[in-house]
Amino acid sequence: MKKLIAMLLSVVLLLGMTGCNKQPSEDVSASTTTQQDIEKQKELALQKMQQPIDALVRCMIENDMKYAAKDPEFFWTALAYYVPEYAQEHPLATVEDDVVRLNTKAVQESAIALFAEYDDLLELPKDMENRVRFDDGKDEYIFARGDAGNSETEITVEEETEDHIVVTAVLYADTKQDVLGTWKVTLIENTYADNITDPMYLYSVSSVEPVKAQTQPSQDDTAKQPSVQGEEIKETAVFGGLSDSHTVELTMSDGSVQAFQFEDAVVADALSKYELDDTLTITYTKSPSGMLITKVE
């Protein structure tokens with residue numbers, strides 16, 4: 001009986017030692033998995049920064065602006081690009097036919113991603129009321145929706161330190177053969193993220209610097225093109241009706257139907273007086289985000 005007990009104890013001790021020998025291997029495996037998860041989360045967080053970066057570079061190139069976190073005009077113009085395109089997924093956003101509504105808290109969270117220097121919302125310029133306005137009764141900012149066009153921004157990580165990450169942002173037009181601009185964008189950790197439940201972005205943009213000027217077309221290429229970006233074009237067209245409060249459809253002289261944007265209140269009032277199939281003359285500009293009517297005759 002004593003021998004049997006001794007044998008059983010030996011087996012138990014042997015099994016225990018075997019289990020202990022396997023433990024370090026299991027710990028290493030768990031540690032490796034955790035590190036892989038962290039790297040994957042970091043990669044996804046960086047990829048998502050494409051959204052605020054895209055809004056910033058489109059705002060800069062289409063309005064000939066420099067990145068200026070403390071300039072109210074640039075601050076709100078950049079938000080007017082970002083919110084209608086990307087803030088619709090925010091849980092506090094209300095999306096309607098021609099506007100996106102965000103309460104102050106959600107707008108603050110959006111601004112933090114665009115501007116690392118953010119400490120409070122800047123004063124809203126009065127001349128931007130056609131794109132952004134504030135509803136004091138509901139504590140909401142109302143952003144006009146528009147057509148972002150077919151441009152696309154791609155980002156590539158170039159440098160990474162403990163303090164910042166530098167990415168290259170390239171803005172393409174309809175095809176990747178047409179580069180509209182290239183920028184060096186510096187990102188830092190979003191210092192407000194820890195105080196936000198399920199933050200949309202873990203990084204903030206601290207600077208955006210152009211590193212490659214837009215390629216200017218040759219004289220031969222210019223002769224082949226009907227217009228260049230920013231140039232005013234005057235054409236006669238046939239009124240096809242308003243799609244929303246900022247979009248009108250027109251039939252051009254070549255028979256094509258085009259959608260034009262408009263922001264100016266005088267233009268909006270003039271267009272509202274036309275009936276279907278009326279002829280009108282417009283002046284407009286072209287950009288990667290679409291065609292904008294500046295005058296109606």
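Residues in the sequence shown are numbered consecutively from 1, following the working numbering.
For every residue, glycine included, the Cβ atom is placed at its ideal position computed from N, Cα and C.
Computed from a prediction, not measured in an experiment: that's the story for all the values here.
- In the three-state reduction of the DSSP assignment, R133 falls in the strand class.
- Scanning the stretch 158-199 for uninterrupted alpha helix (DSSP H) segments of 4 residues or longer gives nothing; none is fully contained.
- In the three-state reduction of the DSSP assignment, F75 falls in the helix class, which pools H, G and I.
- Within the DSSP secondary-structure output, T156 pairs in a beta bridge with T168.
- With fewer than 16 other CB atoms across the displayed protein chains lying within 10 angstroms of its CB, E232 is exposed.
- Cβ atoms of L271 and L242 come within 8 Å of each other, at about 7 Å.
- For T251, same chain residues with a beta-carbon under 7 Å away, outside a window of 5 residues either side, are A237, V238, G240, V257 in chain order.
- Here V170 is not near L114, since their CB atoms are 9 Å or more apart.
- Burial is judged here by how many other beta carbons sit within 10 angstroms of a residue's own beta carbon; T153 has at least 16 and is buried.
- With 16 or more other Cβ atoms from the protein chains shown falling within 10 Å of its own Cβ, E109 counts as buried.
- Contact between the stretch 129-145 and the stretch 178-190 is absent, with fewer than three C-beta pairs closer than 8 Å.
- In the structure shown, the three-state DSSP call for N103 is strand.
- Restricting attention to D244, E235, K126, the CA atom closest to the CA of G255 is found in E235.
- Here V267 really is in contact with K295; their C-beta atoms are around 7 Å apart, less than 8 Å.
- Collapsing the DSSP output to three states places A68 in coil.
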